Amino acid sequence: MPHPHHRPAVEVHHPQPLVHPPAAAPVVPLRPCPPPAVQSIVLPDGQTVTGYPLTPTPAPQPTAARPAASRTAVNIALGGIGFGAVCGGLFLLTTFIAALTTFITQLITLAAVIFGGWIAVHLFGTTGHRDGGTTVNIRKAVIKRNHFHS
Numbered sequence: 009m010p011h012p013h014h015r016p017a018v019e020v021h022h023p024q025p026l027v028h029p030p031a032a033a034p035v036v037p038l039r040p041c042p043p044p045a046v047q048s049i050v051l052p053d054g055q056t057v058t059g060y061p062l063t064p065t066p067a068p069q070p071t072a073a074r075p076a077a078s079r080t081a082v083n084i085a086l087g088g089i090g091f092g093a094v095c096g097g098l099f100l101l102t103t104f105i106a107a108l109t110t111f112i113t114q115l116i117t118l119a120a121v122i123f124g125g126w127i128a129v130h131l132f133g134t135t136g137h138r139d140g141g142t143t144v145n146i147r148k149a150v151i152k153r154n155h156f157h158s
């Protein structure tokens with residue numbers, strides 16, 4: 009027997025969320041078919057058993073499985089993915105070719121400048137004797153006490 013001054017324990021109720029029933033699947037109308045024939049059997053003791061015949065139902069004919077997507081669509085998609093993967097490499101290749109072309113152009117320009125300078129020095133240089141030219145020899149002049157001595 010509980011103590012008269014003792015109160016019963018407090019019960020805590022936690023609310024439960026409402027669970028909505030799942031939506032019913034749409035009903036697909038079936039074509040009407042005639043009711044199956046009922047078969048009756050008379051047993052040796054005189055009882056009559058009525059029921060449906062136990063004929064096996066024919067198995068549905070297998071249909072050829074079609075792929076979800078056509079092979080052409082799959083090939084086009086794979087080709088697009090492959091092209092996207094190669095684009096980065098193609099971009100680097102074209103960048104490398106452009107840089108190589110610039111480098112070769114600069115080497116050709118440098119060789120032309122150096123070779124052109126070498127030709128100019130040999131054509132317009134002062135070494136050697138030229139026919140038809142005037143040669144002037146200037147001797148060293150000494151100036152002493154405001155007098156010119158040659």
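Just so you know, we're using this note's numbering here: the sequence shown kicks off at 9 and counts up by one.
No residue lacks a Cβ here, since even glycine has one placed at the ideal position from N, Cα and C.
If you're wondering where the values come from, they're calculated on a predicted model, not measured in any experiment.
So for Val50, helix, strand or coil by DSSP?
In the sequence shown, counting from the first residue as 1, residue 50 sits at position 42. Strand, per DSSP.
Please list, in chain order, all residues of the same chain as Pro29 whose beta carbon is under 7 Å from its beta carbon, the five residues on each side excluded.
Your numbering for residue 29 matches position 21 in the sequence shown. Once the five neighbours on either side are set aside, Pro29 has no close Cβ partner at all.
May I have the straight-line CA-CA distance separating Val94 from Ser78, to the nearest angstrom?
Numbered from its first residue, the sequence shown carries residue 94 at position 86. Numbered from its first residue, the sequence shown carries residue 78 at position 70. Cα-Cα distance, rounded: 25 Å.
Which of helix, strand or coil does DSSP assign to Thr71?
The residue labelled residue 71 in the question sits at position 63 within the sequence shown. Correct three-state label for Thr71: coil.
Own chain, CB closer than 6 Å to Val57, minus 5 neighbours either side, in chain order:
Counted from its first residue, the sequence shown places residue 57 at position 49. Excluding sequence neighbours, Val57 sits near Ile49.
Nearest-angstrom beta carbon gap, Gln69 and Gly59 [assumed within contact, 8 Å]
The residue you call residue 59 lines up with position 51 of the sequence shown. The residue you call residue 69 lines up with position 61 of the sequence shown. Incorrect: roughly 28 Å between the Cβ atoms, too far for contact.
In terms of residue numbering, what span does the beta strand (DSSP E) encompassing Gly59 cover?
As a first step, residue 59 is located in the sequence shown; it is residue number 51 there, counting from the start. Where Gly59 is concerned, the enclosing beta strand (DSSP E) stretches over 56-59.
Separation of Ala31 from Arg39, as counted between CA atoms
Taking the first residue of the sequence shown as position 1, residue 39 is located at position 31. Taking the first residue of the sequence shown as position 1, residue 31 is located at position 23. The alpha-carbon atoms of Arg39 and Ala31 are separated by roughly 24 Å.
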